Amino acid sequence: RLVSDWSSDVCSSDLASSPVRSLPRSATSRNVTFSVTGVRSQGGTVLLDVELKNRGQRMVQFLYSFLEVTDELGRPLSAIVEDLPNELPPGNVSARGVISIPSILLDGVLAVDLQLTDYPEQSWELSLDSIPISQEATNP
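Quick note on numbering: the sequence shown equals residues -17 to 122 in this note's numbering.
Pasting the structure below:
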């Protein structure tokens, strides 16, 4: 199943009192890790810097049109994935890319959730919840 790995120096009691955790944020399923390493603004777009890493023994395929991006209320958001490969080879291989979300869709949004599954098998489920979106990033 899915294991979340928050890469910060916060103890578990601090996590309970703080719903928004800092970046980077990662989720791992079957030796494949999906991470958001940063959030920034460029023009009228919020960019999420992401990384996929395959520590497994087999190739994993992704179809990024299946990436689900929602706000903290569960409303779907339109997003474009750039620079990530459709096939992630085995052997500790990583790839970096960007998820672009129009800033206008994020007005008043505090956080987004991401869910990515492999294709066509859909046996890898990678979910990242509550990725913080600063209002400075949505209102450049």
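Yeah, the Cβ is synthetic: ideal placement off N, Cα and C, and Gly gets one too.
Values in this document were obtained by computation on a predicted structure and should not be read as measured data.
- If you draw a straight line from the Cα of residue 85 to the Cα of residue 27, it is about 5 Å long.
- Per DSSP, the continuous beta strand (DSSP E) segment holding residue 107 begins and ends at 107 to 114.
- Bounds of the beta strand (DSSP E) holding residue 36 are 27 to 36.
- When the five nearest sequence neighbours on each side are left out, the beta carbons in the same chain lying within less than 7 Å of the beta carbon of residue 39 are those of 72, in order along the chain.
- Using a Cβ-Cβ distance cut-off of 8 Å, the stretch 54 to 69 and the stretch 11 to 26 are not in contact, since fewer than three pairs of beta carbons, one from each stretch, lie closer than that value.
- Here DSSP, grouped into helix, strand and coil, assigns residue 5 to coil.
- One alpha carbon belongs to residue 57, the other to residue 107, and they sit about 20 Å apart.
- Spatial neighbours of residue 42 in its own chain (CB-CB distance under 7 Å, excluding positions within 5 residues in sequence) are listed in chain order as 14, 36, 70, 100, 106.
- Shortest Cα-Cα distance from residue 6 to any of 30, 52, 87, 25 involves 30.
- Cβ-Cβ distances below 8 Å link residue 113 to 5, 7, 18, 21, 30, 93, 94, 95, 96 in the same chain, with the five nearest sequence neighbours on each side left out; the list follows chain order.
- In this chain, residue 103 is not harboured by any beta strand (DSSP E), its DSSP state being neither H nor E.
- If you check the CB distance, residue 45 and residue 68 come in under 9 Å.
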